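S.K.: Residue numbers (UniProt numbering): 1 to 452.
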Amino acid sequence: MLDIGYYREQENTAKTNCPNWMIYETNNLDVFEKTGFPVRINNFQQTYMMLDSMNDSLFDEYMREFGGFSEDELNEFLYALKLHIDFQRNAYPQKDHFLPLDTMISAFSIQKKLFNLNPNLKSLLEIGSGAGAFSFFAHNLENYTQIEACESFYMLQSAINFYLFKDKFKEEVFEKQDNNYFSSLNETKKDYIETKGVGGGISHFPYWKLAKIYSKKEEFDMVMSNANLVEFSTRALNDYLSIVKHILKNDGMFFVQCFGGTVLRNTNIAFEALYNHGFSPLLIVNPWHFDINKIKDDIANKIKQKYDKIALYPGGNHSKIFSTYFNNYIICDDKSDIYNKISSIKDNRAVFITSYDKNIIKNGIEQCKQSGLRYHTINELVDMPFTKSNAIFVKNGHPLFKKYYNRENYYNILTNYDEDSLERISLWKQKKNKRIYSKQEIVYKFKDKFPN
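#1: Between which two residues does the beta strand (DSSP E) carrying Ser-123 extend?
#2: For the beta strand (DSSP E) containing Glu-171, list its first residue and its last residue.
#3: Could you spell out where the beta strand (DSSP E) holding Lys-434 opens and where it closes?
#4: Go ahead and label Cys-332 buried or exposed: buried means 16 or more other beta carbons lie within 10 angstroms of its beta carbon, across all protein chains shown.
#5: Which one of Leu-400, Thr-324 and Asn-42 has the shortest CA to CA distance from Tyr-7?
#6: Output the distance between the C-alpha atoms of Thr-262 and Val-31, rounded to the nearest integer angstrom.
#7: CA-CA distance, Glu-423 and Phe-259?
#8: Could you say which of Lys-447, His-139, Asn-409 and Gln-440 lies nearest to Gly-201 if we only look at CA atoms?
#9: Among Lys-309, Ser-233, Tyr-163 and Asp-191, which residue has its Cα nearest to the Cα of Leu-373?
#10: List the endpoints of the continuous beta strand (DSSP E) containing Lys-309.
#11: Nearest CA to the CA of Ser-371: which residue from Tyr-356, Ala-350 and Pro-385?
#12: Could you give the distance in angstroms between the alpha-carbon of Glu-76 and the alpha-carbon of Ser-319?
#13: At what residues does the alpha helix (DSSP H) containing Val-443 begin and finish?
#14: Leaving out five residues on either side along the sequence, give the residues of the same chain with a beta carbon under 8 Å from the beta carbon of Glu-65.
#15: Using the C-alpha atoms, what's the distance from Tyr-329 back to Tyr-356?
#16: Suppose the cutoff is 7 Å on Cβ atoms and the five residues either side in sequence are ignored; what does the same chain contact list for Phe-165 look like?
#17: Whole-angstrom Cβ separation of Phe-287 and Phe-393, contact assumed at under 8 Å?
#18: Give me the residue from Thr-145, Gly-128 and Phe-136 with the minimum Cα distance to Lys-122.
#19: For Asp-298 and Phe-352, I'd like the C-alpha separation in whole angstroms.
#20: With distances taken between CB atoms, is the gap from Phe-136 to Met-1 smaller than 7 Å?
#21: Kindly list the residues whose CB is nearer than 8 Å to the CB of Glu-71, restricted to its own chain and excluding five residues on each side of it in sequence; keep chain order.
#22: Under 6 Å Cβ to Cβ from Leu-229, same chain only, skipping five residues before and after it: list those, please.
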């Protein structure tokens, strides 16, 4: 097992041998530190507080994104939860054990998307494994490799992997060290048993061993990034994208679920870096984001069935598109003097909030409530949404690279995209005898299946 002391010894040794301080500074976790995240911990037991903290209260959203669970999906999810409880009992014997539903359903959704995109997926590199939840769904992979730069997360991931995979797991922090001690009493001689090596396809790399990852040229069917591209420093982002491009197979895919927190940087920085490194976007979708041209008829008809006059909020392209469906409409906008304000509406017309932006939606709803107006949002009128941003990129050599390699495709999202890939990651469209479960229902199902 890996402990904090040994991890730091190896990290300090790597820093001692580093030819330029800016290389290891590249991997500083400035976003984590700015938000108060426990990057460094005093003991392993402190990892307990991170088991279910990165997808807080998003279970219901992910369940809707799934469109509910089939019986097989339910059983698969329950089994993964059982493994997690068993791990907790082993790792935190004196703490209360709980079902990390938010974190686990997020990882489960990623697993389903990856295997939908490539049913023959065998090799996967994960950049930023967070609370280690994906490990509980990685049993079908022949080569599962993780990279992590955060000490506290690294300790948690390592413990999970040792528990789940045992001798199939290779912890890359460990270095074989020869014994050079001398004893005249032959105390250094032991009855050693020769082993063929540790590891059977599951590997875990710290940030100071990225060169070993880079050596695995065109080895991986897929690479995935979890909520970190925007959080990397510029140098780190370029380093990781260079690695991804080098180790990804020509027909492989780079899958991103969430670009990361925008505390210090925005997604445009990631987009420009991806484009400059030669990645072609098959698709980029944001939460509640859809191809307006494909859903506008259906949405407009739903509104027209209820109202003969409507107020569209805010001004902008979406409201202009929907205005063509109504004879009696007004457009409202807080920022433009050429439009009405929601508060100025005198008749009893409903407000249709046409934006995907959550802040605009929230503001529009608050104004409608203050004015006593009925309202509808675009979110409630479309199929199930994505919970977080999802994106798929390919490199030169992939059959679809040339078709989508255009800088505009990074910004005009869902105007030129691969429909087949979007269909494969739209879990809610794959409805086969599914049903929606609440958190409480999952808890009941778990207790019924695993009474002890």
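Cβ atoms here follow ideal geometry from the backbone N, Cα and C, with glycine treated the same way. For clarity, every value in this text was computed on a predicted model and none was experimentally measured.
M.R.: So, to answer that:
#1: Along the sequence shown, one-based indexing puts residue 123 at 123. Run containing Ser-123: 123-127, per the beta strand (DSSP E) assignment.
#2: Along the sequence shown, one-based indexing puts residue 171 at 171. 169-171 is the extent of the beta strand (DSSP E) around Glu-171.
#3: Looking up residue 434 in the sequence shown gives position 434. It is not in any beta strand (DSSP E) - Lys-434 carries neither H nor E in the DSSP assignment.
#4: Taking the first residue of the sequence shown as position 1, residue 332 is located at position 332. With 16 or more other Cβ atoms within 10 Å, it is buried.
#5: Locating residue 7 in the sequence shown gives position 7, where the first residue counts as 1. Ranking the options by Cα distance to Tyr-7, first place goes to Asn-42.
#6: Stepping through the sequence shown from its first residue, residue 262 is reached at position 262. Stepping through the sequence shown from its first residue, residue 31 is reached at position 31. Rounded to the nearest angstrom, the gap between the Cα atoms of Thr-262 and Val-31 is 9 Å.
#7: Along the sequence shown, read from residue 1 onward, the residue named residue 423 stands at position 423. Along the sequence shown, read from residue 1 onward, the residue named residue 259 stands at position 259. Whole-angstrom Cα-Cα distance: 21 Å.
#8: Within the sequence shown, the letter at position 201 stands for residue 201. For the residues Lys-447, His-139, Asn-409 and Gln-440, the minimum Cα distance to Gly-201 belongs to His-139.
#9: The residue labelled residue 373 in the question sits at position 373 within the sequence shown. A check of alpha carbon separations from Leu-373 across Lys-309, Ser-233, Tyr-163 and Asp-191 identifies Lys-309 as the nearest.
#10: The count along the sequence shown starts at 1 and reaches residue 309 at position 309. Element bounds for Lys-309: 309-313.
#11: In the sequence shown, the residue the question calls residue 371 occupies position 371. The residue with the shortest Cα to Cα distance from Ser-371 is Ala-350.
#12: Residue numbering aside, residue 76 sits at position 76 when the sequence shown is read from its first letter. Residue numbering aside, residue 319 sits at position 319 when the sequence shown is read from its first letter. Their Cα atoms are separated by approximately 43 Å.
#13: The residue you call residue 443 lines up with position 443 of the sequence shown. Where Val-443 is concerned, the enclosing alpha helix (DSSP H) stretches over 439-449.
#14: Locating residue 65 in the sequence shown gives position 65, counting from the first residue. The beta carbon of Glu-65 sits closer than 8 Å to the beta carbons of Ser-109, Met-384, Pro-385, Phe-386, Thr-387, Leu-427 and Trp-428 from its chain, once the five residues preceding and following it are set aside; these are given in chain order.
#15: Against the sequence shown, residue 356 aligns to sequence position 356. Against the sequence shown, residue 329 aligns to sequence position 329. About 20 Å.
#16: Locating residue 165 in the sequence shown gives position 165, where the first residue counts as 1. Here the set comprises Ile-202.
#17: Counted from its first residue, the sequence shown places residue 287 at position 287. Counted from its first residue, the sequence shown places residue 393 at position 393. According to the sequence shown, residue 287 is Pro rather than Phe. Not quite, the Cβ-Cβ distance comes to about 19 Å (not below 8 Å), so this is no contact.
#18: As a working note, residue 122 is residue 122 in the sequence shown. Measuring from the Cα of Lys-122, the nearest candidate turns out to be Thr-145.
#19: As a position in the sequence shown, residue 298 is number 298, starting the count at 1. As a position in the sequence shown, residue 352 is number 352, starting the count at 1. Asp-298 and Phe-352 have their C-alpha atoms some 14 Å from each other.
#20: Sequence index remark: in the sequence shown, residue 136 carries index 136 (1-based). Sequence index remark: in the sequence shown, residue 1 carries index 1 (1-based). It is not a contact, given that the beta carbons lie outside the stated cut-off.
#21: As a working note, residue 71 is residue 71 in the sequence shown. Only Asn-433 meet the Cβ criterion.
#22: Locating residue 229 in the sequence shown gives position 229, where the first residue counts as 1. Sequence-distant partners of Leu-229 (beyond 5 residues in either direction) whose C-beta falls short of 6 Å from its own C-beta, in its chain, are Phe-259, Gly-260 and Ala-270.
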